[in-house]
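Asker: Residue numbers (my numbering), protein chains in the order written: chain R, 27 to 259; chain B, 27 to 259. Here a beta-carbon is modelled for each residue, glycine too, at the ideal position from N, C-alpha and C.
Number of protein chains: 2
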Amino acid sequence: MINKKNNIFAYLISNMFTQSEENYLKAIYHLELVSTKGISTNAIAKKIETKASSVTDMVKKLSDKKVVVYKKYKGVKLTSLGKKTAANIVRKHRLWEVFLVEKLNFSWDEVHEVAEQLEHIKSPKLINQLDAFLDFPKQDPHGDPIPDKEGNLKTIEKSLLATLHKNEIGICVGVNDSSSEFLQFLDKQGITIGQEIKVLDKEDFDNSLSIEIDQKELSISSKIANNLYIQKK
Amino acid sequence: MINKKNNIFAYLISNMFTQSEENYLKAIYHLELVSTKGISTNAIAKKIETKASSVTDMVKKLSDKKVVVYKKYKGVKLTSLGKKTAANIVRKHRLWEVFLVEKLNFSWDEVHEVAEQLEHIKSPKLINQLDAFLDFPKQDPHGDPIPDKEGNLKTIEKSLLATLHKNEIGICVGVNDSSSEFLQFLDKQGITIGQEIKVLDKEDFDNSLSIEIDQKELSISSKIANNLYIQKK
DNA sequence: AATTACTTTTAGATAAGGCTAAAAATATAT
DNA sequence: ATATATTTTTAGCCTTATCTAAAAGTAATT
Ligand SMILES: [Mn+2]
Ligand SMILES: [Mn+2]
Ligand SMILES: [Mn+2]
Ligand SMILES: [Mn+2]
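#1: Is the shortest distance between the beta-carbon of S149(R) and the beta-carbons of chain B less than 8 Å?
#2: Quick one: list the residues of chain R neighbouring N131(B), beta-carbon separation under 7 Å, in chain order.
#3: Determine the direct distance from the alpha carbon of T67(B) to that of V94(B), and round the result to whole angstroms.
#4: For ligand 2, is there a heavy atom less than 7 Å away from the beta-carbon of N114(R)?
#5: Cβ of L226(R) less than 8 Å from any chain B Cβ?
#6: Could you check whether the stretch 127-136 of chain B touches the stretch 151-169 of chain B, counting it as contact only if at least three pairs of C-beta atoms, one from each stretch, sit closer than 8 Å?
#7: Quick one: is Q143(R) near chain B, going by C-beta distance under 8 Å?
#8: Would I223(B) and L187(B) qualify as a contact pair, given that the criterion is a beta-carbon distance under 8 Å?
#9: Would you mind sorting I246(R) into buried or exposed? The rule is 16 or more other CB atoms within 10 Å of its CB.
#10: What does L244(B) pair with, by DSSP beta-bridge criteria?
#11: DSSP beta-bridge partners for S185(R)?
#12: Does the stretch 225-240 of chain R touch the stretch 145-165 of chain R, meaning 3 or more C-beta pairs lie closer than 8 Å?
#13: Listing by chain order, which chain B residues have their CB less than 9 Å from the CB of V140(R)?
#14: What does F159(R) reach in chain B if we use C-beta pairs closer than 7 Å?
#15: Start and end of the beta strand (DSSP E) containing K103(R)?
#16: Taking only runs that begin and end inside the stretch 62-145 of chain B, name each unbroken beta strand (DSSP E) of 3 or more residues, in chain order.
#17: Ligand 3 and H119(B): does the residue's C-beta get closer than 7 Å to at least one heavy atom of that ligand?
#18: When you compare only the Cα positions, how much space is there between D232(B) and K73(B)?
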C-alpha cells in the first residue's frame, strides 16, 4: 500500500508534521490573529480541548522543530516557518470547505468537521489541483479568506453588524462564530453571505437591532449583531 | 476545533476503527480475494510492510472487535462485519481515485498514494455525495470494481491478455499490477482502459506476444501480458 | 510584603502501534 | 522419525500523545 521505498524525499517533506502537531500549529495561528502577545499554554489547551500539561509537552516539540519560539512561562510565538506551515493548513481547510459546499452540496454548517480531517491530507498536487478546480476561490463558505500558496492572507475590509448606525446598509461578508447552531439560525432567518442588510432601528436598552432583509423586517439580538460581519455600502 | 461534546453518537460510529486498523482490514480483504484459506500473519506483514509480531498484536485487537476470527497459528478470516467494513474502505479508496483522475487531472499512476490517505476520512455524507458527484462510477481508474454501499462487489468478466490466442481481439479492462512503473509503461505504449488489443502472434520460446494497438504493431513480454486484463471480443 | 489564587511545568502513568530477539509451534527434508 | 527450516507468537522495549497529581512560578489582593 504505502510505498516508503520510492519517493523518500516526497515522503519526508510531506510528513514533516503529524496531524496533532498540525492541529496545535493551526490553533496557535488562529490565536495569534487576535493577540499580539505570546500565546499562553492555557489558551491553546482551551482551543484544542486538551490539558495544559499536554500543551507544554507539544510546545517543546514544536520548538525543537523550529516552528515556534518557546520561553518557559512566557507562552509561544510562531516562527515564520511556523506561520507558513499553519497558513498552509488553514488554506487546505478552507479550500476543502469550498469544495464541500460548491461541489458536494454540503451546507455551510456541515463542512467544518470534515474539513478538520481533510486539511491533514499530504499532497501538494492535490491541493493545487483542487484550488484550480474550484477556480481559485478567495473566501471560504463562512467568508474567511483563503491564504495563498505562500501563506499570505488577504483580509477584506469588514465590520461587525453591531457597528452600523440607523438607516445604514451593509452586505453580509462573514461570520465571527461559525458554530453550526449559529449558522443554522442564520439559514432560518434567510441571512447568507452576500445578503444585503439595512439597519432600521437600534434599541438602546439591550442593543438589539431591527433590520431589513429582502423587504422583511426582523429583530436580532446584540449577540447576533456582534457575530455577523458586513461590508458598509 | 473537533467538537467531541456534541455529536457523540456520530463521533463514536465514525471512529470505530483507527487508520491503522483500517489498513489491516483492507490488506486482509485483498488477500482473501486470492486465497480461500486463513490469511497468514506473514502475508499481512508483507502486504502492509510491517513485522509479523506487529501483525499478531493487531490481529488480536481486530478479533476483540469482532471483525476477524483468529486462531493462533491458523491465520485470520474476516467476519461479515469485517468484510463490510473493509469493502467500505475500498469503496472510498476507489471513489477518491476516480475523483482525482476525472476532476483533478491526476494520471492513473499518481492516485494511489493520495487515495491511501483519503480513504480514512470519516464522513458518510462525504462519500455518498462524492459518489453522486462522480455519477456513481462502477470502476476505478485501474478497472477495479467499486463496492456498493452494502459492500457488494460486482466483478466483471475478465481474463489475462496472456490467455488470448493468435488473432483473437480483446478490450483492455484493467491491470493486475498497479504500480506507477507499470502504469507509466502502459502510458508510454499507448495502452489504456478501453483500448482494443489484437494478438498478432505468440512466441513459444519466451511467451512474448506481438500485438496490434491503433494499427501499430508492438511486442510485449510475458510479464506484461500477465498483468493486463482484457475482455474477449 | 505577605498571602492567596491562578497558571505553567514536571513527574509519573497509560494506551496505541511499532520494533527486535528469543521461544514455541508448524512444516519440510532427510 | 528426526533433524532442520520456516512461521508465528511472546516478551520486552520504544515513541507519540494523552492524562492526573504535585511542584514551581507568576499574578493579584489584602
Ligand atoms: Mn472551518
Ligand atoms: Mn484538524
Ligand atoms: Mn489504489
Ligand atoms: Mn490507507
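Answerer: Put simply:
#1: Here residue 149(R) is taken as the residue at index 123 of the first sequence, counted from 1. Output row for S149(R): interface = yes.
#2: Position 105 of the second sequence, counting from 1, holds the residue named residue 131(B). Under the 7 Å cutoff, chain R gives Q155.
#3: By one-based count along the second sequence, residue 94(B) stands at place 68. By one-based count along the second sequence, residue 67(B) stands at place 41. Their backbone Cα atoms lie some 13 Å apart in a straight line.
#4: Here the question's residue 114(R) lines up with position 88 in the first sequence. Because no heavy atom of ligand 2 lies under 7 Å away, the Cβ of N114(R) does not count as near it: no.
#5: Here residue 226(R) is taken as the residue at index 200 of the first sequence, counted from 1. So, not an interface residue.
#6: Yes: at least three Cβ pairs fall under 8 Å.
#7: The sequence position of residue 143(R) within the first sequence is 117, counting from 1. Chain B contact via Cβ: present.
#8: Position 197 of the second sequence holds residue 223(B). Position 161 of the second sequence holds residue 187(B). Yes, the pair counts as a contact, with Cβ atoms nearer than the cut-off.
#9: Looking up residue 246(R) in the first sequence gives position 220. I246(R) comes out buried.
#10: Here residue 244(B) refers to the residue found at position 218 of the second sequence. Beta-bridge analysis with DSSP links L244(B) to I237(B).
#11: The residue labelled residue 185(R) in the question sits at position 159 within the first sequence. In DSSP, S185(R) forms a bridge with I256(R).
#12: Of all C-beta pairs linking the stretch 145-165 of chain R to the stretch 225-240 of chain R, fewer than three are shorter than 8 Å, placing the two stretches out of contact.
#13: Counting from 1 along the first sequence, the entry for residue 140(R) is found at position 114. Identification of chain B residues near V140(R) by a Cβ-Cβ cut-off of 9 Å yields I147, K148, S149, K151 and L152, ordered along the chain.
#14: Counting from 1 along the first sequence, the entry for residue 159(R) is found at position 133. Those within 7 Å of F159(R) in chain B are K129 and L130.
#15: Translated into the one-based positions of the first sequence, residue 103(R) becomes position 77. Where K103(R) is concerned, the enclosing beta strand (DSSP E) stretches over V102 to L104.
#16: As for any beta strand (DSSP E) of minimum length 3 sitting wholly inside the stretch 62-145 of chain B, the runs are 94-96 and 102-104, ordered along the chain.
#17: What you label residue 119(B) is simply residue 93 of the second sequence in a count that begins at 1. Under cutoff, so the answer is yes.
#18: Translated into positions along the second sequence, residue 232(B) becomes position 206. Translated into positions along the second sequence, residue 73(B) becomes position 47. Their backbone Cα atoms lie some 30 Å apart in a straight line.
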